[in-house]
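If you're matching positions, the sequence shown starts at 1 in full-length UniProt numbering and goes up one per residue.
All C-beta atoms in this analysis are idealised placements derived from N, C-alpha and C, irrespective of residue type, glycine included.
Keep in mind the model is a prediction, meaning the values are calculated, not measured.
Shown next, in structure tokens, is the structure this report addresses.
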Amino acid sequence: MLPPSMHDIVDGAAISYRIDLAVTSIRSIFKSTIKPNLNITVWPMETHNQYLGSLSKENSTFPCVKTVQATIMGPYAQLPALVVSPTEYMHHLSAAIPPAQISMSAHFLPDYSILRNRHMMIRLSISKLNEFAYSLYLQSFQMLLVGYTDIKAKGPSLTNTQISCWTIQSMSNLGLPVLRYSESVGTEKYIDRSLWEGEALPDTIVPSFDSCGLARRYELDISMGLQCRDTKDQAGRILLVQLRTPVHVSSGIRPGRKLESGDDKKLFLNGELVPISMRSQDDMGTQDENRHGATQRVGAANEDYGTPMGPPPTYEEATTRSW
């Protein structure tokens with residue numbers, strides 16, 4: 001498998017591909033050669049393909065789970081004046097008002113894949129582990145994708161690693177209620193996924209791969225700022241709960257170059273990204289504006305390079321055709 005097209009791997013280095021074509025024609029005693037070329041983008045097929053044809057955005061399963069636990073203190077409480085030392089204060093505070101014990105879980109697609117048609121597809125939840133007298137609020141949210149490009153040479157330890165980061169989302173002052181004090185232990189609440197779902201990720205985020213001494217791997221870093229509030233709306237300190245785990249970035253292209261109906265496949269022509277809707281045979285008759293525009297652009301590219309729309313000519317036709 002070839003590594004995908006990449007730019008700025010290290011010190012301006014890149015992986016690029018080009019198709020060169022040479023057409024030689026002979027007319028009488030004259031011989032001429034045309035050498036057109038076309039820059040292309042290589043995008044690998046998905047090797048983890050067991051789930052790509054069975055999931056939808058509305059009904060998906062997320063079997064891979066990563067969980068972290070956290071303890072969140074409540075608002076400041078008045079204690080007797082006899083408590084003087086910080087250690088004694090914390091002891092009395094924890095005994096009088098127990099802190100909130102919660103777990104934060106990230107639910108992933110199989111093989112910890114995070115993408116579906118270049119869109120983020122994960123679920124985040126908060127679970128209540130003990131009884132506490134506060135309500136829990138989400139005050140800030142950050143999601144960061146970290147990419148590691150490993151450039152390997154011969155030898156066990158000759159590896160140069162380059163790091164790239166992409167901010168998926170960063171928000172503060174949210175004030176979103178997550179868990180109420182009256183809810184029972186074991187309650188699990190899902191975070192609104194509109195915080196991170198939306199626009200497709202940029203194409204600079206290439207799929208995970210390991211080929212030809214070059215590898216790209218990813219980690220997802222999620223931080224939530226959680227805060228406890230009592231019935232009088234007094235707030236405690238905000239605690240940043242962080243979860244970080246290796247993830248798999250899929251290309252979304254199954255073997256056979258087939259995508260589900262309605263999914264978008266990306267085609268590069270003359271350095272331009274042309275989205276083409278991949279539909280079923282029954283749906284091929286209906287063309288929307290995007291599909292019609294893409295068809296026109298593909299046709300224009302064929303005219304520019306003189307590519308015949310029908311079957312290629314025979315050798316006799318090619319050698320006798322006037323250029």
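Quick one, which of 134, 13 and 196 has its alpha-carbon nearest residue 98's? Residue 98 has its Cα closest to that of 134, out of 134, 13 and 196.
So, does the region 209-224 touch the region 145-155, judging by three or more C-beta pairs under 8 Å? By the Cβ rule, the region 209-224 counts as touching the region 145-155, because three or more pairs are nearer than 8 Å.
Quick check: what's the CA-CA separation for residue 164 versus residue 13? One C-alpha to the other measures close to 15 Å.
What whole-angstrom Cβ distance do residue 179 and residue 128 have, given they're in contact under 8 Å? About 5 Å separates the two Cβ atoms, so the contact holds.
Straight-line CA distance for residue 238 to residue 190? Computed Cα separation, rounded: 19 Å.
Shorter than 9 Å from the beta carbon of residue 110 to some beta carbon of chain B? The structure shown has no chain B; it contains just one protein chain.
Please determine, among 245, 145, 210 and 193, the residue with the shortest C-alpha to C-alpha distance to residue 405. Residue numbering for the chain in the displayed model covers 1 to 323; residue 405 lies beyond these limits and cannot be assessed.
Please report the straight-line C-alpha distance between residue 234 and residue 181, rounded to a whole angstrom. Note on geometry: alpha-carbon atoms of residue 234 and residue 181 lie some 14 Å from one another.
Mind pulling the beta strand (DSSP E) runs of 3 or more residues that sit fully within the region 112-193? Counting whole runs of 3 or more residues, the region 112-193 contains the beta strand (DSSP E) stretches 123-128, 135-152, 159-171, 176-179 and 188-190.
Looking only at its own chain, which residues have a Cβ that is under 8 Å from the Cβ of residue 244, when we skip the five neighbours before and after it? 219, 220, 221 and 222.
Secondary structure of residue 246, DSSP reduced to three states: Residue state for residue 246 is assigned as strand, using DSSP reduced to three classes.
Give the DSSP-derived three-state secondary structure of residue 226 in the structure shown. The three-state reading of DSSP puts residue 226 in strand, counting E and B together.
Which residue or residues does DSSP assign as beta-bridge partners of residue 62? Per DSSP, none; premise fails for residue 62.
Which residue wins for smallest C-alpha separation from residue 31, given the options 120, 102 and 22? For the residues 120, 102 and 22, the minimum Cα distance to residue 31 belongs to 22.
If you measure from the CB of residue 176, is any heavy atom of the ligand FMN nearer than 8 Å? Absent from the structure shown: the ligand FMN. Ligands present: none.
Which partner residues of residue 219 appear in the DSSP bridge assignment? Per DSSP, 146 and 246.
What residues are listed by DSSP as bridge partners for residue 31? Partner(s): 26.
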